[in-house]
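Worksheet for the structure shown next.
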Amino acid sequence: MGIIEKIIEKPVENLIRSNQGPPRREVLLLYHEYMKFANWLTWNHTDGTPWSKIIKTSIRVEFEAAEEEKDPFLQAQLLLTWREALDELKKKYVSTQHSFVQRIHNERTDSKNS
C-alpha cells in the first residue's frame, strides 16, 4: 500500500498526526465556490436586500472566524461541514428550480397541448 492510500484510508487521524489544518488552497476554492453559488440567488429578502448579498456577507464572516481557529482537527471538520452544506444547498436549489419550471410548464395557458 502506497503512502497516498494510507493517508486516504484514515484522513482525520493523519491530519491530527500532522498537526496541520486543511491546505489553504482547499479553503479558498470552497470560499470561491460559495461566492459563485450566492450569485445564483437572484431574489430579494422581504426587507429588499438581495439574498446573494446576505449569503456573501455571512460566508465572509464564517470564513474569517474560522481563520482564528488553531486546532487542525476543528479546521478540517469546519471544511467538511461547509462542503456538505454547500452540496446540500445546491441540491435544494436545483430541485426547487426544477419544480418551479415544471409548475410553470404545467400551468401554461398558451401551451399547444391545451
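The numbering of the sequence shown is our numbering, which starts it at 342 and goes up by one.
Every residue, glycine too, gets a C-beta built ideally from N, C-alpha and C.
Values in this document were obtained by computation on a predicted structure and should not be read as measured data.
Whole-angstrom distance between residue j and residue i, CA atom to CA atom
i, j, result
"serine 455", "leucine 427", "The pLDDT assigned to serine 455 is 49, lower than 50, so where the model puts this residue is not dependable; a value taken from the coordinates is nonetheless given after this. Roughly 40 angstroms between the two C-alpha positions."
"alanine 406", "glutamate 425", "19 angstroms"
"threonine 387", "isoleucine 396", "14 angstroms"
"threonine 422", "aspartate 451", "45 angstroms"
"tryptophan 381", "leucine 370", "17 angstroms"
"tyrosine 375", "serine 399", "10 angstroms"
"lysine 411", "leucine 419", "12 angstroms"
"proline 364", "glutamate 429", "23 angstroms"
"arginine 401", "lysine 377", "13 angstroms"
First and last residue of the uninterrupted alpha helix (DSSP H) at residue i
i, result
"arginine 365", "365-381"
"threonine 398", "392-408"
"aspartate 428", "413-448"
Cβ shell of residue i (< 7 angstroms), same chain only, five flanking positions each side left out
i, result
"histidine 373", "none"
Decide yes or no for the touch test of the segment 384-391 against the segment 428-444: beta carbon pairs closer than 8 angstroms, at least 3 of them. Cβ pair count under 8 angstroms is below three, so no.
Touching or not, the segment 430-440 and the segment 404-418, by the rule of three or more beta carbon pairs under 8 angstroms? Touching, no, given that fewer than three Cβ pairs across the two stretches are closer than 8 angstroms.
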